[in-house]
Amino acid sequence: MLDDLKIFITAANKNSLTAAAQHLDMTIATVSRRISALEQKLGCELLHRSTKGLTLTPIGESYYQECAEFIDALDQRISNLDQTLNSLKGDLKILAPVNLGSGPLDEFWRDFVQQHPEIELNIELSNTVQDIRDTRADIALRSGQQPSSSLIQKRIGHIEPILVASPKVSFLLPSSIDALQQSPSIASNMFSDWLLMNRQGENYPMKKEHQHISNDMNITLNLAKAGAGIALMPMSMVHGALATGELIRVLPEWRGQNREIFLVWPYRRSLSARAKLLRDELTQYLHQQSWFHPSS
Numbered sequence: 031m032l033d034d035l036k037i038f039i040t041a042a043n044k045n046s047l048t049a050a051a052q053h054l055d056m057t058i059a060t061v062s063r064r065i066s067a068l069e070q071k072l073g074c075e076l077l078h079r080s081t082k083g084l085t086l087t088p089i090g091e092s093y094y095q096e097c098a099e100f101i102d103a104l105d106q107r108i109s110n111l112d113q114t115l116n117s118l119k120g121d122l123k124i125l126a127p128v129n130l131g132s133g134p135l136d137e138f139w140r141d142f143v144q145q146h147p148e149i150e151l152n153i154e155l156s157n158t159v160q161d162i163r164d165t166r167a168d169i170a171l172r173s174g175q176q177p178s179s180s181l182i183q184k185r186i187g188h189i190e191p192i193l194v195a196s197p198k199v200s201f202l203l204p205s206s207i208d209a210l211q212q213s214p215s216i217a218s219n220m221f222s223d224w225l226l227m228n229r230q231g232e233n234y235p236m237k238k239e240h241q242h243i244s245n246d247m248n249i250t251l252n253l254a255k256a257g258a259g260i261a262l263m264p265m266s267m268v269h270g271a272l273a274t275g276e277l278i279r280v281l282p283e284w285r286g287q288n289r290e291i292f293l294v295w296p297y298r299r300s301l302s303a304r305a306k307l308l309r310d311e312l313t314q315y316l317h318q319q320s321w322f323h324p325s326s
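Take the sequence shown: its letters are residues 31 to 326, numbered as in the numbering used here.
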């Protein structure tokens, strides 16, 4: 009915079915039929048709005065929304885990703002999973599938956690999975219980007393580099230190559970052009990283 009211308002403004049809990019027959359908629905005549054009009936004048301002305001809001959704200029809010958003993605953020200076990034990093709807974020990067059915979740790949230590540790590195239980270790709160697996598909759950524990994996990384113990860390955080020799792999035949990485956004909210651009470029960037395993 709103569309029919818009056609009626346009025809009244133009005083002509032909002019209204041209303005709305419709045929004259469609405009006439839609106005007639509206009149039938309302049970009254809104417009007098004559060879001289269109004039409002008294009842039509009342409907026009009541609806014209509302229809114009609605059109303006739709136009503003369309500009907000489809423009590459404006703000873009992203949620991400601290250990992935800061460090592994530093190069991506630098390149993105250089290539798209008109986009204003609002990047919010947290070790706790924030509700994307409550924070009014556009898109979120998440480790693991989210329980909410109101989210669109796009799995883009996974990151392998591996066992690492400094080559300068003061203790003997373990040569078997059983010996690992007795080795000094470091962990973050989120990954203090280790479930290890090997290439043969064997699982080894390990509840371990760690010498050092923190709520920030960057601290875990620094303590491992200092030789304080063995750490189970995502490859995204340690690949650089492995390349320079600051860290070495321990028991390379064993690794932790894959960290599945998802991009998520609210099911009922349209992604803006800015969010779509970030989604596509971030996916492409991750797929190019040696420490990331893309979804097949």
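Heads up, the beta-carbon is just placed ideally off N, CA and C, and yes, glycines get one too.
Quiz item: Taking the Cβ atom as the reference point for each residue, do residue 47 and residue 84 lie within a distance shorter than 8 Å?
Solution: yes
Quiz item: Between the beta-carbon of residue 125 and the beta-carbon of residue 68, is there less than 8 Å?
Solution: no
Quiz prompt | Cα-Cα separation, residue 63 to residue 77 | solution = 13 Å
Quiz item: Given residue 132, which residues of its chain have a CB within under 7 Å of its CB, disregarding the five upstream and five downstream residues?
Solution: 155
Quiz item: Where does residue 277 land, buried or exposed, given buried means 16+ other C-beta within 10 angstroms?
Solution: buried
Quiz item: What separation, rounded to the nearest whole angstrom, lies between the Cα atoms of residue 39 and residue 162?
Solution: 40 Å
Self-check item: Test item: CB-CB of residue 201 and residue 191 under 8 Å
Solution: no
Quiz item: When DSSP labels each residue in this structure, what does residue 161 get in the three-state scheme?
Solution: coil
Self-check item: Given 8 Å, three or more beta-carbon pairs between the stretch 251-265 and the stretch 291-302
Solution: no
Quiz item: Does the stretch 138-151 come within contact of the stretch 272-287, defined as at least 3 CB pairs closer than 8 Å?
Solution: no
Self-check item: Nonlocal neighbours in the same chain, by C-beta distance under 8 Å from residue 327, ignoring five residues either side
Solution: This structure gives no information on residue 327, because the portion of the chain shown stretches from 31 to 326.
Self-check item: Boundaries (first-last residue) of the alpha helix (DSSP H) holding residue 72
Solution: 58-72
Exercise. Would you tell me roughly how many angstroms separate the C-alpha atoms of residue 145 and residue 35, rounded to the nearest one?
Key: 44 Å
Quiz item: What is the residue span of the beta strand (DSSP E) that residue 221 lies within?
Solution: Residue 221 -> no beta strand (DSSP E), and no H or E assigned at all.
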